[in-house]
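Peer 1:
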Amino acid sequence: MSANDFDLIALAAAAVVAIGLLLVIMFRGRSAPGSERGPLAKTSDALGAALRRAWGAGLGEETWAEIEEALVAADVGVGAAAHIVEGVRSARPKTRSEAREELARRMKGELGGADRVLRLSGDPAVILVVGVNGAGKTTTIAKLARLLTGDGRSVLLGAADTFRAAAGTQLKSWGDRLGVPVVAGQEGGDPASVAYDALAAARARGADAVIIDTAGRLHGKTNLMAELSKIHRVVSRDGPVDEVLLVLDASAGQNGLAQVSGFAEATPLTGLVLTKLDGTARGGIVIAVEKELKVPVKYIGVGEAMDDLKPFDPGRFVDALLEEA
Ligand code: GDP
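With my numbering, letter number 313 in the sequence shown gets 300, and the count goes up by one each step, no holes.
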C-alpha cells in the first residue's frame, strides 16, 4: 500500500468517526414528541445520573438515601424530598421500574390539585406582574402577551416600572414586535398612576386584558412593597385584579425564594411563573416554591424567545424530569 492509500484510509476513518459523533449529538438532543425534556435536559440529566447510580445499588437503604439526596440536589426541597421518598419506600416497589413509576406518581402528587388556569374574567382582565429585577418579568410579560394574542385576545401592556427607564423602553420594544400597545410613564413618575392609565386605556380600547409590569429593585425594599400595594389598590378600585403573578428565576434556587417573601405580603399572589428552567439543573425548585409560597405555578419559562413560555403541566413536567432516570 502506498502512503497515499494510508492517507485515504485515515481520511475515511476520520469521516466515519465525525459522522458518528454528529449522529450521537443529534439523537442525544432529541426527545419524545411533546416532551419537555429538551428545555429541562439539565435537570433531567443530573437527576437521571444520580438516580441511575442509586438504582445501581439495588433497592436498599442506601438507594433511598441517594434518591433523597438527588431530589434535594435538584432543589425539590428537603421536606418534600423526604416525603416523596418515604412514599415510594412504603409502596414497597420490587423492581427499579416499579420504584421509578412510584417516584413519578409521588412527585406528581406533590404538585397535584392546584388550579393553574389563568383567570381572565375581568373586562378587561387585569394581570399584575411582580418580581425582583432580572428574574425575567419583562420577557415573561411579552411571552404572555404572545400567548394571549395567539388565543385571539387583545392585550395592552402597562410599563409601571418607572424607576428604570430601560424597563419601559424594553417593554415598548416588545410591544412593537408583538403589535401590542404599551402605556408608559415618565421616568421617576408615579407607578400607580401609570398602572391606572394603562387600565383606563385598555378599557377605552375595549382590550381583553391589560398586563402591568412593576418595579423589582430590591434595595429600598419597604418602599417597593408599599408601591406594589398602592398599584394593587389603585387598579382594583373599579374591579378585581384577576391575577398577580410573581416571576421567579428558577436558577436562583432556594436563595431566590428567600428574596421574594415580601411580595406575597405586599400583594395577594395568585400564581407563579418560574423562568430560566432551561438554564438550571435544579428544576425541582418548582415543587419547593409551590410548597413554600402556597401559590400555584401557572407558567414556566424555558428560553429567551417569545414562544418559550409554557402553561405548567405537572404530569409532563415530572415525566420530563424523570425521562433519563
Ligand atoms: P426583568 O428585569 O425581571 O424584567 O428581567 P428581563 O425580562 O429583562 O430578563 C432578564 C434576562 O433573563 C434576559 O436576558 C432574558 O432574556 C432572560 N430570560 C428571561 N426568561 C428566560 C427564560 O425562561 N430562559 C432563559 N434562558 N432566559 C430568560
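Cβ coordinates follow ideal geometry from the N, Cα and C atoms, glycine included.
1) Taking D236 as the reference, which of A52, G47, L264, V222 has the closest Cα?
2) How about A152: is its C-beta nearer than 8 Å to some C-beta of chain B?
3) Determine which residues share a DSSP beta bridge with I114 and list them.
4) Bridge partners of A146, per DSSP?
5) Does the separation of the CB atoms of S108 and D229 fall below 8 Å?
6) Got a sec: does ligand 1 put a non-hydrogen atom nearer than 7 Å to the Cβ of V125?
7) Where does G145 land, buried or exposed, given buried means 16+ other C-beta within 10 angstroms?
8) Do you know how far the Cα of T30 is from the Cα of L280?
9) Could you check the C-alpha separation between G155 and L244 for me, to the nearest Å?
10) Expressed to the nearest angstrom, what Euclidean distance is found between the alpha-carbon atoms of E88 and V104?
11) Would you please state the rounded distance, in angstroms, between the beta carbons of V167 and K159? I believe it to be under 8 Å.
12) Cβ of L98 within 8 Å of Cβ of E311?
13) What did DSSP end up calling P255 once you bin it into helix, strand or coil?
14) Write down every uninterrupted run of the alpha helix (DSSP H) in the stretch 62 to 135 whose length is 4 residues or greater and which is fully enclosed by it, in chain order.
15) If you compare alpha carbons, which of R39, E55, T262, V273 is closest to V117?
16) Report the residue from D294, G121, G66, V72 whose alpha carbon sits nearest the alpha carbon of L205.
17) Taking the continuous beta strand (DSSP E) assigned at V284, which residues delimit it?
18) Per DSSP, which residues does V260 bridge with? Please list them.
19) Nearest by alpha-carbon distance to I218: which of S180, A239, T149 is it?
20) Checking the sheet assignment: what are the DSSP bridge partners for K297?
21) Taking the straight line between their C-alpha atoms, what separation do you get for I274 and R151?
22) May I ask you to check if the CB of D225 is nearer than 7 Å to at least one heavy atom of ligand 1?
23) Pop quiz: I128 and I198 are said to be a contact at Cβ under 8 Å. What is the actual Cβ separation, rounded to whole angstroms?
24) Which stretch, first to last residue, makes up the alpha helix (DSSP H) that contains D184?
25) Within its chain, find whatever has a CB closer than 7 Å to the CB of R93; leave out the 5 residues flanking it on each side and keep chain order.
26) In angstroms with no decimal places, state the Cα-to-Cα distance between P111 and A307.
27) When the Cα atoms are used, what is the spatial distance from G175 to A101?
28) Could you have a look at K281 and say whether DSSP puts it in helix, strand or coil?
29) Contact defined as beta carbons within less than 8 Å: I believe A44 pairs with E53. What is the distance between those atoms, to the nearest angstrom?
30) Which residue from G137, V305, L256 puts its Cα closest to that of I114?
Peer 2: So, to answer that:
1) Locating residue 236 in the sequence shown gives position 249, where the first residue counts as 1. The residue with the shortest Cα to Cα distance from D236 is L264.
2) Given the protein chain composition of this structure (a single chain), no chain B is represented.
3) Position 127 of the sequence shown, counting from 1, holds the residue named residue 114. Paired residue(s): I198, E230.
4) In the sequence shown, residue 146 corresponds to position 159, counting from 1. DSSP output for A146 lists A171, D200 as bridge partner(s).
5) The residue you call residue 108 lines up with position 121 of the sequence shown. The residue you call residue 229 lines up with position 242 of the sequence shown. A contact, by the Cβ cut-off of 8 Å.
6) The sequence position of residue 125 within the sequence shown is 138, counting from 1. What sits at residue 125 in the sequence shown is Thr, not Val. Yes, Cβ of T125 sits closer than 7 Å to a heavy atom of ligand 1.
7) In the sequence shown, residue 145 corresponds to position 158, counting from 1. So G145 ends up on the buried side.
8) Residue numbering aside, residue 280 sits at position 293 when the sequence shown is read from its first letter. Residue numbering aside, residue 30 sits at position 43 when the sequence shown is read from its first letter. Taking the straight line from one Cα to the other gives about 22 Å.
9) Taking the first residue of the sequence shown as position 1, residue 155 is located at position 168. Taking the first residue of the sequence shown as position 1, residue 244 is located at position 257. In a straight line, the C-alpha of G155 is about 26 Å away from that of L244.
10) Residue 88 sits at position 101 when you count from the first residue of the sequence shown. Residue 104 sits at position 117 when you count from the first residue of the sequence shown. Going by the C-alpha atoms only, they are around 27 Å apart.
11) By one-based count along the sequence shown, residue 167 stands at place 180. By one-based count along the sequence shown, residue 159 stands at place 172. Contact doesn't hold; Cβ gap of about 10 Å is too wide.
12) Within the sequence shown, residue 98 is the residue found at index 111, counting from 1. Within the sequence shown, residue 311 is the residue found at index 324, counting from 1. Not in contact: L98 and E311 (Cβ atoms no closer than 8 Å).
13) For the purposes of this step, residue 255 is identified with residue 268 of the sequence shown, where counting begins at 1. If DSSP states are grouped into helix, strand and coil, P255 belongs with coil.
14) 65 to 77, 83 to 97
15) Position 130 of the sequence shown, counting from 1, holds the residue named residue 117. Among R39, E55, T262, V273, the Cα nearest to that of V117 is on T262.
16) As a working mapping, residue 205 is identified with position 218 in the sequence shown. The option with the nearest alpha carbon to L205 is G121.
17) Your numbering for residue 284 matches position 297 in the sequence shown. It spans 284 to 288 - the beta strand (DSSP E) in which V284 sits, taken as one unbroken run.
18) Reading the sequence shown from its first residue, position 273 is the one you call residue 260. Its beta-bridge partners are V234, Y286.
19) As a working mapping, residue 218 is identified with position 231 in the sequence shown. Selected option, being the one with the closest Cα: S180.
20) Indexing the sequence shown from 1 puts residue 297 at position 310. The partner list for K297 (beta bridge, DSSP) reads I287.
21) If you number the sequence shown from 1, residue 274 lands on position 287. If you number the sequence shown from 1, residue 151 lands on position 164. Near 32 Å, if we compare the C-alpha coordinates of R151 and I274.
22) Mapped onto the sequence shown, residue 225 falls at position 238. No, the beta carbon of D225 sits no closer than 7 Å to any heavy atom of ligand 1.
23) For this step, residue 128 is matched to residue 141 along the sequence shown. For this step, residue 198 is matched to residue 211 along the sequence shown. Contact holds; Cβ gap of about 5 Å.
24) For the purposes of this step, residue 184 is taken as the residue at position 197 of the sequence shown. It spans 178 to 192 - the alpha helix (DSSP H) in which D184 sits, taken as one unbroken run.
25) If you number the sequence shown from 1, residue 93 lands on position 106. Cβ neighbours of R93 beyond the five flanking positions: I71, G74, V75.
26) For this step, residue 111 is matched to residue 124 along the sequence shown. For this step, residue 307 is matched to residue 320 along the sequence shown. If you take the alpha carbons of P111 and A307, they lie about 36 Å apart.
27) Translated into the one-based positions of the sequence shown, residue 175 becomes position 188. Translated into the one-based positions of the sequence shown, residue 101 becomes position 114. If I take the Cα positions, the gap works out to 39 Å.
28) Here residue 281 corresponds to residue number 294 of the sequence shown, with the count starting at 1. Here K281 sits in coil by DSSP.
29) Along the sequence shown, one-based indexing puts residue 44 at 57. Along the sequence shown, one-based indexing puts residue 53 at 66. Between E53 and A44 the Cβ distance is about 7 Å, and since that is below 8 Å, they are a contact.
30) The residue you call residue 114 lines up with position 127 of the sequence shown. The residue with the shortest Cα to Cα distance from I114 is L256.
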